[in-house]
Amino acid sequence: MSSDSISKPAAPIGRRIRVRIAPSPTGPLHLGTARTALFNWLFARKHGGAFIVRIEDTDLERSDPKYEKDILEGFKWLGLDWDEEVYRQSERLALYEKYITELLDKKLAYYCFCSKEQLEEERQALLAQGYPPKYSGRCRQISADEAAKRARKGEASIIRFKVPETKITFTDIIRGKITFDSSLIGDTVIAKNTRAPLYNFAVVVDDYEMKISHVIRGEDHIANTPKQILMQEALGFERPQYAHLPLILSPDRSKLSKRYLETSLSDYRKEGYLLEAMINFMVLLGWHPAPEKDEATGRIFEPEIFSKNGLIKSFDLKRAQKQGAIFNIEKLEWLNSQHIKSLDNSELAKRLEEFLPRDWPKEKVAAALVVEKERMKKLSDFVELAGFFFKLPDYEAQLLIWKEMSAAQILENLEELKSIFRAYEALNIEDVIMKLADSRGRGGVLWPLRVALSGKQASPGPFDIIKVLGREEALERIKIAIKKLES
RNA sequence: GGCCCCAUCGUCUAGUGGCCCAGGACAUCAGCUUCUCAAGCUGAAAACACGGGUUCGAUUCCCGUUGGGGCUACCA
């Protein structure tokens with residue numbers, strides 16, 4: 003093992019940049035995976051490299067095609083387009099077999115016949131004495147002939163890689179030098195058999211075969227890196243560059259889990275978060291762009307709201323944070339409301355479609371959305387927010403009363419409003435009503451008007467509502483209010 | 001337990017030895033705005049974990065302590 007390889011750039015200038023996201027289809031697309039994908043994608047797009055999707059489905063038990071579908075759909079939704087066909091490890095078994103055999107032939111790997119129970123017992127014994135749990139290497143001694151014989155007899159076995167005792171140092175783009183002592187690791191299992199590789203081994207083979215230049219992944223993989231490096235060296239593979247991203251954390255600072263928050267990207271999509279907001283939010287979890295200088299004022303400012311293209315422009319992996327970032331749903335909501343506001347109305351209408359009841363007429367939705375746009379934090383809020391435009395909610399007459407005013411006064415004001423509605427066009431009604439409001443007290447006029455129109459305690463202003471409802475409907479609603487007060 | 005990583009407002013962060021009695025954003029609180037709500041605007045409160053060094057000078061460099069996290073599978 004050469005520690006001087008630190009100084010040699012693993013991906014020399016000129017080597018094509020190729021990165022990958024390697025999810026395992028054992029669950030729906032996790033936010034953490036989505037963010038790692040985003041960082042990889044951004045890195046590839048920034049440097050004109052290739053972004054590759056590799057499905058790590060070596061665990062047949064836990065893998066399910068439905069999850070692969072969910073993962074791929076998630077990437078598509080986010081607009082993280084990949085550059086080559088989707089690779090599946092389950093379709094590359096011959097490849098792994100070739101390298102496993104090579105390791106076996108070179109005596110760099112061996113068959114292990116220890117039983118799981120035996121192993122577990124040893125592990126616990128070691129742990130109890132305060133030693134790191136490490137495989138004893140007992141089966142290293144078994145000769146290839148004997149191993150073959152025992153295997154033929156049907157004895158259960160797995161394949162272990164001979165981990166050499168050395169110090170492994172690699173340079174992480176985000177964290178700098180990281181050193182491990184491999185004598186603490188023990189011979190790791192690389193495959194159940196020659197056609198059933200395990201994660202750490204398959205990764206090494208694939209990253210090499212796919213000519214991956216930069217491995218950008220979560221911090222939880224730091225401990226896997228030395229094992230992978232050792233296998234690369236045994237096989238004579240070039241070492242990629244590594245960058246380990248900080249983890250997304252739950253509010254209790256542990257790895258993001260369902261205990262606190264939804265962890266699947268699709269949950270956020272269903273709740274009405276925009277892909278633009280998700281991207282913006284995820285990229286800010288553990289990364290910040292360099293502050294910019296406003297040429298006009300000379301002031302330094304830190305941009306917070308990004309488009310995807312803006313991100314590609316300012317992305318720099320070196321600016322990634324080292325510390326885990328807590329998932330802050332409030333910031334996501336704010337970001338979402340900002341992106342909703344910057345969507346143009348027709349686009350917003352399109353995004354809203356899947357959230358709407360079928361019987362809401364399009365034209366009215368289009369008008370209502372203009373009014374409710376700035377009140378929406380999520381697309382799903384719209385139905386609740388704008389429902390009153392489509393059907394006047396039932397409300398108590400009491401709600402029409404403004405503060406200390408009497409019902410009689412309110413009634414009088416509403417009658418006055420009714421005649422205004424009869425006499426004027428909806429377009430210039432605002433001035434007339436405001437004149438009335440100024441003479442009779444704003445609250446006493448505007449409050450009952452708004453309640454009559456919306457049936458709600460909180461809503462947009464009356465004039466905005468009138469624009470959506472039209473004069474006829476507004477007049478009807480005022481009549482209803484009057485009737486309520488009279489009875 | 002062992003190994004590894006990390007440590008600036010409640011949260012996301014700017015900051016790479018003096019420009020910092022620490023800047024921005026979210027959240028919070030207060031004020032302004034055609035009645036309410038939202039948005040918007042203005043303002044307030046809010047942090048360099050601790051202890052040693054190094055230095056003329058440390059948030060920034062080094063060491064230690066403490067704290068947090070990750071890993072420790074025939075999962076990925």
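Counting from 3, one number per residue, gives the positions in the first sequence under the numbering used here. The C-beta atom is built at its ideal place from N, Cα and C for all residues, glycine as well.
Between residue 128 and residue 136, the gap from beta carbon to beta carbon is short of 8 Å.
In the DSSP annotation of this structure, the continuous segment of the beta strand (DSSP E) that includes residue 21 starts and ends at 20-23. Uninterrupted alpha helix (DSSP H) stretches at least 4 residues long and entirely within the region 198-250 occur at 201-211, 227-237, given in chain order. Residues of the same chain with their beta carbon placed closer than 6 Å to that of residue 427 are lacking, with the five preceding and five following residues left out of the count. Closest in alpha carbon position to residue 72, among 179, 322, 27, is 27. Taken through DSSP and simplified to helix, strand or coil, residue 84 comes out as coil.
In the displayed model, residue 195 falls within a strand according to three-state DSSP. The beta-bridge partner set that DSSP reports for residue 178 consists of 174. In the displayed model, residue 289 falls within a strand according to three-state DSSP. The DSSP-derived three-state label of residue 165 is coil.
A Cβ-Cβ distance of about 5 Å is found for the pair residue 42 and residue 218, placing them in contact under the 8 Å criterion. Within the region 30-61, complete beta strand (DSSP E) segments of at least 3 residues are found at 52-57, given in chain order. Residue 109 carries a coil assignment under DSSP once its states are collapsed to helix, strand and coil. When rounded, the separation of the alpha-carbon atoms in residue 463 and residue 373 is 9 Å.
Under the DSSP definition of a beta bridge, residue 327 partners with 250. Residue ranges of uninterrupted beta strand (DSSP E) with 3 or more members, entirely inside the region 100-148 and ordered along the chain, are 111-114.
DSSP places residue 90 within a strand segment (E or B) once states are collapsed to three. The shortest C-alpha to C-alpha distance from residue 80 to any of 159, 37, 52, 246 is the one to 37. Closest by C-alpha distance to residue 49, out of 216, 116, 186, is 216. With respect to residue 204, residue 98 sits close: the two C-beta atoms are nearer than 8 Å. Relative to residue 282, the option among 310, 87, 166 whose CA is nearest is 310.
Counting of Cβ neighbours within 10 angstroms places residue 461 among the buried residues, the total reaching 16 or more. Taking the Cα positions, residue 419 is about 49 Å away from residue 267. In this structure residue 391 is not in contact with residue 473, their Cβ atoms being roughly 15 Å apart against a cut-off of 8 Å. By the Cβ neighbour-count rule, residue 271 is buried, with 16 or more other Cβ atoms within 10 Å of its own. Residue 416 holds the alpha-carbon nearest to the alpha-carbon of residue 453 among 416, 179, 488, 435.
With fewer than 16 neighbouring CB atoms inside 10 Å of its own CB, residue 133 falls in the exposed class.
Only residues of its own chain outside the window of five on either side were considered, and among them 273, 274, 357 have a CB closer than 6 Å to the CB of residue 382, listed in chain order. Looking at the DSSP output, residue 266 sits in a beta bridge with 32. Boundaries of the alpha helix (DSSP H) harbouring residue 483: 464-488, taken from the DSSP string. Taken in chain order, the complete alpha helix (DSSP H) segments of 4 residues or longer contained in the region 371-421 are 383-392.
A distance below 6 Å between beta-carbons, with the five flanking residues on each side excluded, links residue 139 to the following residues of its chain, in chain order: 189.
Distance from the CA atom of residue 249 to the CA atom of residue 34, rounded to whole angstroms, is 7 Å.
Take residue 85, set aside five residues on each side of it, and the residues of its chain with a beta-carbon closer than 8 Å to its own are 46, 52, 53, 54, in chain order. Sixteen is the threshold: since fewer than 16 other Cβ atoms of the shown chains lie within 10 Å of the Cβ of residue 303, the residue is exposed.
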